[in-house]
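Q: Read top to bottom, the protein sequences are chains A and B. Mapped onto our numbering, the consecutive letters of the first sequence carry residue numbers 7 to 266. Mapped onto our numbering, the consecutive letters of the second sequence carry residue numbers 7 to 266. No residue lacks a Cβ here, since even glycine has one placed at the ideal position from N, Cα and C. All figures in this text were calculated on a predicted structure; none of them were measured in a lab. The structure's right below; bear with me while I get my questions together.
Protein chains: 2
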Amino acid sequence: MIKIIKVGGNIIDHPDKLKKFIFDFSNLAGQKILIHGGGKLATELGTTLGIETKMIEGKRITDAETLKIVTMVYAGLINKNIVAQLQANQCNALGLTGADLNLIPAQKRNDKNIDWGFVGDVVASEMKPQNIDFLLLNGITPVFCAITHDNQGNLLNTNADTIASVLASTLAKAGHAVSLVYTFEKKGVLTNINDEKSVIKKITPGYYNELKEKNIVHSGMIPKLDNAFKSIGDGVQEVKICMAEDLHDFENAGTSIKLH
Amino acid sequence: MIKIIKVGGNIIDHPDKLKKFIFDFSNLAGQKILIHGGGKLATELGTTLGIETKMIEGKRITDAETLKIVTMVYAGLINKNIVAQLQANQCNALGLTGADLNLIPAQKRNDKNIDWGFVGDVVASEMKPQNIDFLLLNGITPVFCAITHDNQGNLLNTNADTIASVLASTLAKAGHAVSLVYTFEKKGVLTNINDEKSVIKKITPGYYNELKEKNIVHSGMIPKLDNAFKSIGDGVQEVKICMAEDLHDFENAGTSIKLH
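Take a look at the structure:
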C-alpha cells in the first residue's frame, strides 16, 4: 500500500506541529509520498515586498512576481526544510517540484473569464507512473511542493490537494494499492464545524450529495471532497480526511471517503 | 567521462546568457552534473527585506534570516527555474540540495575566530558516490544549488566551487573518469586581467606556485585553483576554467589544470 499524505498550511506555519508531523510521517511504514501546502509564509513575504495577493474564489492569482515568491517559499524554504528534517528522522526524502524529472506535467490554465496568471492544471494523461515508481522502489520518499511546469521552461503554481489526488489516481491506475490522506486542522469532516466530536466516519457518493444539499459541507471542503471522490473513482482504495496530529493512527481517525 | 560543470552568478543574473548556457549544457553528451551559484538575487532580496549582507574575506556570513533567503533564492527560485528550462531542452534534470537523498553531508563551520553562522563545510568522507551514480546511471542530470545540511535537520550555506570539487573528487575516487569545468565571466585564467587574449593554456602545480609568487593569480582565483588542484590530486582527469559562453567547446577553451 502506497501512502500519499497531504499536509496543509496550518501545520507548516507552526514549527512545533510540523516537527511532530514529520516525526509521525517518518515512522509510517512502507512506500510513501508527502505533498505540502504553502501556509502563510508566501503571503507574508509578498506583503513585505509590497506585492499584493490577488485571490478569486479562494484561489490565488499568480502573476510573474507572485510566481517568484511561491517558487522561493514553497520549492525552496518550506520544501528543503522539510527534506532536511525528514533526513534527520532517517527518512530518505527527495524534495521535488513537478518540473524535476518532469514528474508532473501541467498547462497554464485556460479560462475565458479569468486570467489566473501562472497557474497550472495538471495534465494527468501525461503523468508517467513508472517515474514515481522508480523513486519508491529505490527507497526514496518524494516530497512535493505545489509547483509544476509546462515543459516549455515555465514553472506553474498548482493546487496541492489536486497534486495529491492526481498522484494517487496515477499510481492506482497503474495497478498499485494506494491510500490518500488529506491532513488538516480539524478532526475530520464535521456535521457541526464547532464540534470536533461531530466527525462523519464515512462518506459515500450518495451521502456526499445529501451533505451538499443540506449545506453541511460547503466552501473549501467541496473541492477537497471532489478530489477525493475523483481518486476513489480512479481506483484509490481509500481517501482519509483527518487531523494532522492523528497521522500516526490515520487508519482509525477522521473521515473515510469510500465508494460503498 | 562524467562532466561536472559549475556555473557562476554572473550567468544566473542574465536571463539571455543563462538560456544560452542551459542550451549548451543540455547538448553535452554523456553523464553530467550542474552546480550553480547564486548571483546577486539573494543579496538584492536581503536588501529589499532590510537584512544586511555581512561579508568577511569575500564570504557571506549566514545568520538565520540570511539562511532563509539563500534557501529561497538558491534552492527555490534559481534551481527550479534552471530545472524547468533544462526539461524544456530534453535534459532530464533533478534539482537538488545536499539534504535531498542526503547527497552532501556537511557540518556547521567550526572557527574559533569567526562565527560564520549557518555555513557548512562538506564532510567528504561521508559522501556516498553510489547515490550520485544511481542518478547518473538512470539518465538523470543532477542540478545542485549550494545548500547542504548537517543531517540533524539544519540546512547550511556552502560554497558552490567547493561542492563541484567535492563531487568531482568523490566520483573520481570511486573509479570514474571525471572532468570538472568551472565556467565564469573570463576566457580563462589570464596573465593580464585586462587582456582576454592572455589566457594561460595549462597550469601545473609548479607553475601555479610561480603564478602565485609573481602575484599573477590572486584573490578570488586562489580558492578556485586550490579546489581544482585538490580534485586533480584526488584523481579527476582534468579541471578546466573557461568562459561560460565557451561551454559547447570547453575541451578546447580556457585554462587546463593538470598534474603534469
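Expressed to the nearest angstrom, what Euclidean distance is found between the alpha-carbon atoms of N215(B) and I120(B)?
A: Walking along the second sequence from the start, residue 215(B) turns up at place 209. Walking along the second sequence from the start, residue 120(B) turns up at place 114. Their Cα atoms are separated by approximately 28 Å.
Q: How would you write the range of the beta strand (DSSP E) that T197(A) sits in, first residue to last?
A: One-based indexing of the first sequence puts residue 197(A) at position 191. Here T197(A) belongs to no beta strand (DSSP E), and DSSP marks it neither H nor E.
Q: Skipping 5 residues on each side, what residues in its chain have a beta carbon closer than 8 Å to that of Q243(B)?
A: Your numbering for residue 243(B) matches position 237 in the second sequence. Within the same chain, Q243(B) has close Cβ partners M7, A178, A183, V184, S185.
Q: Taking the alpha-carbon of S171(B) as reference, which of N160(B), K236(B), Q93(B) has the nearest alpha-carbon?
A: Mapped onto the second sequence, residue 171(B) falls at position 165. Comparing Cα-Cα distances from S171(B) to each of N160(B), K236(B), Q93(B), the minimum goes to K236(B).
Q: Can you grab the Cα-Cα spacing for the pair N221(B) / E50(B), in whole Å?
A: Within the second sequence, numbered from 1, the residue matching residue 221(B) stands at position 215. Within the second sequence, numbered from 1, the residue matching residue 50(B) stands at position 44. Distance between the alpha carbons of N221(B) and E50(B) is about 32 Å.
Q: Measure the alpha-carbon distance for N98(A) versus K207(B) and round it to whole angstroms.
A: Residue mapping note: residue 98(A) aligns to position 92 of the first sequence, counting from 1. Residue mapping note: residue 207(B) aligns to position 201 of the second sequence, counting from 1. C-alpha separation (whole angstroms): 44 Å.
Q: Just to make sure I have the definition right: I need the residues of chain B whose C-beta is within less than 9 Å of the C-beta of G5(A). Which are they?
A: Because chain A spans 7 through 266 in this model, residue 5(A) falls outside it and cannot be assessed.
Q: Beta carbon of D156(A), beta carbon of K114(A): below 8 Å?
A: Counted from its first residue, the first sequence places residue 156(A) at position 150. Counted from its first residue, the first sequence places residue 114(A) at position 108. Result yes, Cβ atoms of D156(A) and K114(A) sit closer than 8 Å.
Q: Can you find at least 3 beta carbon pairs, one from the segment 25-37 of chain A and one from the segment 66-74 of chain A, that sit closer than 8 Å?
A: Flag = no, the segment 25-37 of chain A and the segment 66-74 of chain A do not touch.
Q: Whose C-beta lies closer than 6 Å to the C-beta of P135(A) among residues of the same chain, with five residues either side of it excluded?
A: Sequence index remark: in the first sequence, residue 135(A) carries index 129 (1-based). Cβ neighbours of P135(A) beyond the five flanking positions: T176, L177, A180.
Q: With 8 Å as the threshold, decide whether the Cβ of Q91(A) is near any Cβ in chain B.
A: By 1-based counting over the first sequence, the position of residue 91(A) is 85. Yes, its Cβ sits closer than 8 Å to a Cβ of chain B.
Q: Out of G239(A), G126(A), D201(A), A174(A), point me to the one whose CA is closest to N165(A)'s CA.
A: On the first sequence, position 159 is the one that residue 165(A) refers to. Residue G126(A) is the option with its Cα nearest to N165(A).
Q: Distance cutoff 8 Å, beta carbons only. Does D106(B) sit that close to anything in chain A?
A: Looking up residue 106(B) in the second sequence gives position 100. It does: the Cβ of D106(B) has a partner Cβ on chain A nearer than 8 Å.
Q: Give, in chain order, every residue of the segment 127-147 of chain B whose Cβ lies closer than 9 Å to some Cβ of chain A.
A: Within the segment 127-147 of chain B, the residues whose Cβ lies closer than 9 Å to some Cβ of chain A are F140, N144, I146, listed in chain order.
Q: From this set, K218(B), G52(B), V195(B), which residue's C-alpha is nearest V245(B)'s C-alpha?
A: For the purposes of this step, residue 245(B) is taken as the residue at position 239 of the second sequence. Cα-wise, what sits closest to V245(B) is V195(B).
Q: Would you list, in chain order, the members of the segment 147-159 of chain A that have their beta-carbon closer than 7 Å to a beta-carbon of chain B?
A: Result list: I153, H155, N157, Q158, G159.
Q: A48(A) and V76(A) look like a contact to me (Cβ under 8 Å); what is the Cβ gap, rounded to whole Å?
A: Locating residue 48(A) in the first sequence gives position 42, counting from the first residue. Locating residue 76(A) in the first sequence gives position 70, counting from the first residue. Going by Cβ atoms, the distance from A48(A) to V76(A) rounds to 5 Å, so yes, they are a contact pair.
Q: Where do the ends of the alpha helix (DSSP H) carrying G226(A) lie?
A: Start at 1 with the first residue of the first sequence, and residue 226(A) comes out as number 220. Element bounds for G226(A): n/a, residue is neither H nor E.
Q: Mind pulling the chain A residues with CB within less than 7 Å of T54(B)?
A: In the second sequence, the residue the question calls residue 54(B) occupies position 48. Within 7 Å Cβ-Cβ: L55.
Q: Kindly indicate the opening and closing residues of the alpha helix (DSSP H) around P21(B).
A: For the purposes of this step, residue 21(B) is identified with residue 15 of the second sequence, where counting begins at 1. Its alpha helix (DSSP H) spans residues 21-32.
Q: What does K74(B) reach in chain A if we use C-beta pairs closer than 8 Å?
A: Against the second sequence, residue 74(B) aligns to sequence position 68. Here the neighbours are L83.
Q: In three-state DSSP terms, what is E202(B)?
A: For the purposes of this step, residue 202(B) is identified with residue 196 of the second sequence, where counting begins at 1. Here E202(B) sits in coil by DSSP.
Q: Below 8 Å on the Cβ atoms is my guess for M227(B) versus E191(B); work out the distance and round it to an integer in Å.
A: For this step, residue 227(B) is matched to residue 221 along the second sequence. For this step, residue 191(B) is matched to residue 185 along the second sequence. Between E191(B) and M227(B) the Cβ distance is about 12 Å, and since that is not below 8 Å, they are no contact.
Q: Taking Cβ to Cβ, would you say I169(A) is nearer than 8 Å to A152(A)?
A: On the first sequence, position 163 is the one that residue 169(A) refers to. On the first sequence, position 146 is the one that residue 152(A) refers to. Yes, they are a contact pair.
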